[in-house]
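Asks:
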Amino acid sequence: MCLNEHELARLQQRLLQTEQMMETIISGKNKEKLLRHLRQISELMQDGRLEGASPEMEAEEVPYFAGWEGYPEETYPEYEDEPRHRTRCRLGPQVDTASQLTAEALAERMEQEEEEVGPRKLEVLHEEEEEEEEEGEEEEEEGEEEGAGSDKGE
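Just so we're aligned, residue 3 is where the sequence shown starts under the working numbering, counting upward by one.
(1) May I have the straight-line CA-CA distance separating LEU17 from GLU25, to the nearest angstrom?
(2) In the segment 97-138, which residue ranges form an unbroken alpha helix (DSSP H) of at least 4 residues, counting only runs that do not cross its ends?
(3) Grouping DSSP H, G and I as helix and E and B as strand, with all else coil, what is ASN6?
(4) May I ask which residues mark the beginning and end of the alpha helix (DSSP H) holding GLU62?
(5) Tell me whether GLU21 sits in a helix, a strand or coil according to DSSP, three-state version.
(6) Using only the alpha-carbon positions, how far apart do THR128 and GLN102 sit?
(7) To the nearest angstrom, how far is the alpha carbon of MET112 from that of GLU106?
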């Protein structure tokens with residue numbers, strides 16, 4: 003990327019302008035104000051630590067050590083010795099997992115059942131279709147007989 007002399011002069015001018023702006027922002031008076039403000043903030047933070055540190059802050063500051071005995075008992079909820087309103091959990095008999103079929107074995111069994119049941123289903127469907135055809139033929143015959151009977155009466 004090549005810059006000509008004019009572009010280079012413009013960039014140098016912008017650089018000087020930004021430097022001047024930075025100096026005005028952090029001039030003598032502003033610099034003193036900023037430093038005072040930062041000191042006040044740091045003092046407030048230190049006072050807050052010394053006055054009343056929260057349990058969270060204390061926990062972060064205190065390292066764990068080998069003699070730590072855990073949380074005090076008062077942090078644990080208290081329960082009755084024998085809760086009367088709760089029902090005991092009754093476990094059912096355990097099923098022997100060795101006798102259970104694997105997914106592959108179940109799939110094979112289902113395929114065999116489909117092969118056995120499939121032809122029977124087809125037979126039932128064919129029988130139903132034949133019955134419907136017979137009923138349709140009977141209705142047509144009845145319709146023809148009624149039509150022929152009405153012709154005679156005229």
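Positions of the beta carbon are idealized from the N, C-alpha and C atoms, including for glycine.
Replies: Reading from the atomic positions:
(1) Your numbering for residue 17 matches position 15 in the sequence shown. Your numbering for residue 25 matches position 23 in the sequence shown. The straight-line gap from Cα to Cα measures roughly 12 Å.
(2) none
(3) Against the sequence shown, residue 6 aligns to sequence position 4. Reduced to three states, the DSSP call for ASN6 is coil.
(4) Translated into the one-based positions of the sequence shown, residue 62 becomes position 60. Unbroken alpha helix (DSSP H) run through GLU62: 57-63.
(5) Counting from one through the sequence shown, the residue named residue 21 turns up at place 19. Helix at GLU21.
(6) What you label residue 128 is simply residue 126 of the sequence shown in a count that begins at 1. What you label residue 102 is simply residue 100 of the sequence shown in a count that begins at 1. The residue you asked about is not Thr; residue 128 is His in the sequence shown. Taking the straight line joining both Cα atoms gives about 38 Å.
(7) The residue labelled residue 112 in the question sits at position 110 within the sequence shown. The residue labelled residue 106 in the question sits at position 104 within the sequence shown. Roughly 10 Å separates the two Cα atoms.
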